[in-house]
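Participant: Going down the list, the protein sequences come from chains Z and E. FYI, my numbering numbers position 149 of the first sequence as 149, with every residue one higher than the one before it. FYI, my numbering numbers position 251 of the second sequence as 1251, with every residue one higher than the one before it. Think of the CB as a built atom: it goes at the ideal place given N, C-alpha and C, for glycine as much as any other residue.
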Amino acid sequence: MSFKRKFLKVISGLTMASMVLAACSGGNEENSSSSNSASPNTPAAESDTIKVGAVLPMTGSSSVFGQKFKDAYSLALDEINEAGGVKGKKLEVVIEDSQEKPNIGKTATEKLVSNEEILMLTGGRSSGVTLVEAQVAEENKMPYLIDHGSSDLATMSGYEYVYRLNPTAGMYTNALRDYWEENPPESVAHVNVDNAYGEAVYDYGLKKYFEANPDIQYDMFKYKAGELDLKPIMEQVKAKDPQIVIMTAGDDNDATQLIKAAKEANLEPELFIGTGGGHSIIGFANQADELTDTVLTAGPWHGNKKDPKWKEFFDKFTEKFGHEPGEHEVEAYSAIYVIADVLNRAENLDRESVNKALDETDMDTIFGHIKFEDFDGYNNQNRGMSDVSQWMDGKLKTVYPTEYAESEIIPFPGWK
Amino acid sequence: MLQTLIDGLSIGGVYAIIALGLTLIFGVLRVINMAHGDFVMIGMFITYFLFNSLGLDPFISIFISAPVCFMIGYCLYRVFVEKARKVSEENTLLLTAGASVLIANIMALPFFLGPNFLRLTGENLYWENKIWHIGSISLNAPLVIGFFITALLIFLLHLFLIKTDTGLAIRASAQEPEAAKIVGINVAVIAGLTFGLGAAFAGVSGNILATTYPIYANIGTMFIVKAFIIVVLGGMGSVPGAAIGGLILGIAESFGATYIPGGTGFKDIFGLLIFLFVLLVRPQGLFGRGK
Chain Z
1 MSFKRKFLKV ISGLTMASMV LAACSGGNEE NSSSSNSASP NTPAAESDTI
51 KVGAVLPMTG SSSVFGQKFK DAYSLALDEI NEAGGVKGKK LEVVIEDSQE
101 KPNIGKTATE KLVSNEEILM LTGGRSSGVT LVEAQVAEEN KMPYLIDHGS
151 SDLATMSGYE YVYRLNPTAG MYTNALRDYW EENPPESVAH VNVDNAYGEA
201 VYDYGLKKYF EANPDIQYDM FKYKAGELDL KPIMEQVKAK DPQIVIMTAG
251 DDNDATQLIK AAKEANLEPE LFIGTGGGHS IIGFANQADE LTDTVLTAGP
301 WHGNKKDPKW KEFFDKFTEK FGHEPGEHEV EAYSAIYVIA DVLNRAENLD
351 RESVNKALDE TDMDTIFGHI KFEDFDGYNN QNRGMSDVSQ WMDGKLKTVY
401 PTEYAESEII PFPGWK
Chain E
1001 MLQTLIDGLS IGGVYAIIAL GLTLIFGVLR VINMAHGDFV MIGMFITYFL
1051 FNSLGLDPFI SIFISAPVCF MIGYCLYRVF VEKARKVSEE NTLLLTAGAS
1101 VLIANIMALP FFLGPNFLRL TGENLYWENK IWHIGSISLN APLVIGFFIT
1151 ALLIFLLHLF LIKTDTGLAI RASAQEPEAA KIVGINVAVI AGLTFGLGAA
1201 FAGVSGNILA TTYPIYANIG TMFIVKAFII VVLGGMGSVP GAAIGGLILG
1251 IAESFGATYI PGGTGFKDIF GLLIFLFVLL VRPQGLFGRG K
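1. Alpha carbon to alpha carbon, how far is proline 214 of chain Z from aspartate 1200 of chain E? Give it in angstroms, no decimals.
2. Using only CA atoms, which one of E:Ile1229, E:Thr1212, E:Arg1171 and E:Glu1128 lies nearest to leucine 966 of chain E?
3. Taking Cβ-Cβ distances shorter than 8 angstroms, what residues in chain E pair up with glycine 60 of chain Z?
4. Please determine if the segment 1200-1210 of chain E and the segment 1039-1052 of chain E are in contact, where contact requires at least 3 C-beta pairs separated by less than 8 angstroms.
5. Applying the 10 Å Cβ sphere with the 16-neighbour rule, what's the burial state of leucine 1002 of chain E?
6. Enumerate in chain order the residues of its own chain whose CB-to-CB distance from alanine 265 of chain Z is below 8 angstroms, with the five nearest sequence positions on each side excluded.
7. With DSSP as the reference, please indicate the residues paired to asparagine 1140 of chain E in a beta bridge.
8. Cβ of glycine 1292 of chain E within 8 angstroms of Cβ of isoleucine 1224 of chain E?
9. Name the DSSP bridge partner or partners of methionine 1044 of chain E?
10. If we define contact as Cβ-Cβ less than 8 angstroms, is isoleucine 1011 of chain E a contact residue for chain Z?
11. If distances are taken between C-alpha atoms only, which option among E:Gly1198, E:Leu1249, E:Asn1207 and E:Ile1229 comes closest to proline 1283 of chain E?
12. Can you name the residues that DSSP bridges to lysine 90 of chain Z?
13. Considering only the alpha carbon of each residue, which of Z:Asn103, Z:Arg125, Z:Glu139 and Z:Leu131 lies closest to serine 114 of chain Z?
14. Please look up how many angstroms separate the CB atoms of aspartate 152 of chain Z and threonine 168 of chain Z, rounded, as I've assumed it's under 8 angstroms.
15. Look at the alpha carbon of leucine 1125 of chain E and the alpha carbon of lysine 141 of chain Z, and state the distance between them as a whole number of angstroms.
16. Are the Cβ atoms of leucine 271 of chain Z and proline 411 of chain Z separated by less than 8 angstroms?
17. Counting only C-beta atoms, is asparagine 1052 of chain E closer than 8 angstroms to chain Z at any point?
18. Among residues of its own chain, excluding the 5 on either side of serine 62 of chain Z, which ones have a beta-carbon nearer than 6 angstroms to its beta-carbon?
19. Going by alpha carbons, who is nearest to lysine 263 of chain Z out of Z:Gly414, Z:Ala298, Z:Ala76 and Z:Ile216?
20. For serine 63 of chain Z, return the contacting residues in chain E, with the cut-off set at a CB-CB distance below 8 angstroms.
21. Smallest Cα separation from alanine 189 of chain Z: which of Z:Asp219, Z:Ala212 and Z:Ala72?
22. Report yes or no: is there a C-beta of chain Z within less than 8 angstroms of the C-beta of alanine 1257 of chain E?
23. By a C-beta neighbour count over all protein chains shown, 10 Å radius and 16 as the cutoff for buried, is arginine 125 of chain Z buried or exposed?
24. Kindly list, in the order they appear in chain Z, the residues whose Cβ is closer than 9 angstroms to that of arginine 1119 of chain E.
25. When the Cα of serine 1173 of chain E is compared with those of E:Leu1153, E:Ile1017, E:Phe1155 and E:Phe1195, which residue comes out closest?
26. Helix, strand or coil, according to DSSP, for valine 20 of chain Z in the structure here?
27. With DSSP collapsed to three states, give me the class of aspartate 362 of chain Z.
28. Can you grab the Cα-Cα spacing for the pair asparagine 1033 of chain E / glycine 1192 of chain E, in whole Å?
29. Going by beta carbon distance, what residues of the same chain come within less than 8 angstroms of tyrosine 209 of chain Z, once the five residues before and after it are set aside?
30. Can you list, in chain order, the residues of its chain with a C-beta nearer than 7 angstroms to that of phenylalanine 1270 of chain E? Leave out the 5 residues immediately preceding and following it.
31. Distance, Cα to Cα, histidine 1036 of chain E vs glutamate 319 of chain Z?
32. In chain E, which residues lie less than 9 angstroms from asparagine 266 of chain Z when you measure between Cβ atoms?
33. Taking CB distances under 8 angstroms as the criterion, tell me whether tyrosine 1015 of chain E reaches chain Z.
34. Consult DSSP for alanine 225 of chain Z and reduce its assignment to one of helix, strand or coil.
35. Against chain Z, does proline 1110 of chain E count as a neighbour if the rule is that its beta carbon must be under 8 angstroms from one of theirs?
36. Under 8 angstroms, do valine 342 of chain Z and leucine 165 of chain Z count as touching if we go by C-beta distance?
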């Protein structure tokens, strides 16, 4: 056989082998300590670290979110562990990559669940993955503290092991709807994303308001997440000449495409209002620059800015990571503190005890007071606060409710 | 109405240039290049890299991304595709599909694009959000420029194929590879050149698209489907077919998305419906040679 053929054979053999190996170990974050040394039968009580699992998008279009949670978790973990840890043990978060895809999120959750050292779960991020993580957690009696995923269904399904500290997508627009009680809009066009998140924002939030106020014109236009050419939909919106344009985007890429398309179509309402998600993270301002000025977003509040502990976290995070923390980082940081509190109160270091302690949570965090209640069809849901904020010069300032407002609402001046 | 037409033509021009590369590769070599969309992505990456490191305007960096994509295409052909071709045509499909996955995953490495979505943005980017207004019509400036670049490239390609010796050699190899060999044409090199040329066209479209769209490693898959629809619609191997087909697809998507309620969510369907319709009524495509 000629040298060239032999060479090609060896190269292709090596390539195949490395691909098979990569596939087998794929999905693991470099920091996740897969317990290869400890046997899976070692209960958490005998280990000197306490492990909590989190399913996050570490790769793919939403990896920027995964990184936010990882960074904020690490800040909280460092503080807690420096202060002595939980029950004298080190607290650790094991992250599995969901790639923001529900089917991969399912496998990731199952992997964490099968690790007997892991006592509870958090994370999830997107509505789709959170719902799947919740289902798997419930089926396996694994306590799960949702820290961001917003699909209302996760805490409306009567699950006993699933708790949520953040507001649901339906609740995102609570503050906005309060604002509208005093300043009702005349006509609204809503460009909504066609997935679980978009559905929840409307079905459990906006729908109530517009059905109660049928005189206000409301039109919804749906687009697929990841759609690049949004100009046609903005032309459709323009034809309705709405006073207010609401946009729903799950990530900053969609949010950016939307506002760019609005400019291209020369759509000029009085106000653009996003509903959290992509509209409430710095990535939106980074990608869309001056197009974001005066864009509002109605979503989870960014924490109690009047709390000195909030300011401390804000400064520490900004110094360590080089950018200001937003709502996701505040949620993640608070979630870890809730988890530490839960684990400290748990009678034993097993999942049942942890679940009981989680149920009895009643504490203050920089995200507000955390207590899980049953109300309005929700169960194990914290009454998360929402607010309305406005972008200006790459910064997000709270504009409503008035007691937390940092500035007044500036109307959209039109495209120059 | 006119606005929708203009929007359709703007994006149609870019679709056309992607399809042009594909139809050249298929028409001359009978190779189904599943990695074609990834060359678009490579073009986008080069644009992004050159702009961020040297401040190079996306349209100027065409002079760099075109040759780079050409070389990558040429090498891909000479080293791998050529061998697969010798066995059967179906093999080239599998090979290029594998190449597509490989390229996309290499480009997703942190060294190149990384896992995030990137965007061409910055103070000195003249084309960022640049909209021209003529009356009440708004034009996406970089896409309009792209349209004219496409027109120019089609014209140059036509001249190249008809008037130059190399172009003649390409056409000869396409018609009768054995006879071309007999008259002394190095068919292997010519084939590589054609593949590289097709890849270069895809790269150029990447430069144009990078001004408006986000850039990420998997974006190739979005374009390969559209390119195939256009190639079949216009006639496999037909340069005017690819051009007209691209415009038709762009216009169909634009009108469908604007005038049909919920159209944006189903935009891809319009192209596919046209595809089905053409195959039923005129299977060789608009400009294809009937068998």
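Facilitator: Reading from the atomic positions:
1. According to the sequence displayed, residue 1200 of chain E carries alanine and not aspartate. When rounded, the distance between both Cα atoms is 56 angstroms.
2. Here chain E comprises residues numbered 1001 to 1291, so residue 966 of chain E is not present and cannot be evaluated.
3. Residues of chain E passing the Cβ test: Pro1115.
4. yes
5. exposed
6. Lys231, Met234, Glu235, Val237 and Lys238
7. E:Ile1131
8. Shown here, chain E extends from 1001 to 1291; a query on residue 1292 of chain E therefore has no answer.
9. In DSSP, methionine 1044 of chain E forms no bridge with anything.
10. yes
11. E:Ile1229
12. Z:Thr49
13. Z:Glu139
14. 4 angstroms
15. 54 angstroms
16. With contacts defined by Cβ atoms closer than 8 angstroms, leucine 271 of chain Z and proline 411 of chain Z form a contacting pair.
17. no
18. Apart from sequence neighbours up to five positions away, the residues of its chain that approach serine 62 of chain Z with a beta-carbon distance below 6 angstroms are Glu100 and Asp251, ordered along the chain.
19. Z:Gly414
20. Pro1115 and Asn1116
21. The shortest Cα separation from alanine 189 of chain Z among Z:Asp219, Z:Ala212 and Z:Ala72 belongs to Z:Asp219.
22. Alanine 1257 of chain E counts as touching chain Z.
23. buried
24. Going along chain Z in sequence order, the residues near arginine 1119 of chain E (Cβ under 9 angstroms) are Asn253, Thr256, Asn286, Gln287 and Ala288.
25. Comparing Cα positions, the closest option is E:Phe1195.
26. Correct three-state label for valine 20 of chain Z: helix.
27. strand
28. 13 angstroms
29. Thr173, Arg177 and Trp180
30. Cβ neighbours of phenylalanine 1270 of chain E beyond the five flanking positions: Ala1252, Glu1253 and Gly1256.
31. 44 angstroms
32. Ile1131, His1133, Ser1136 and Ser1138
33. no
34. coil
35. Not an interface residue.
36. no
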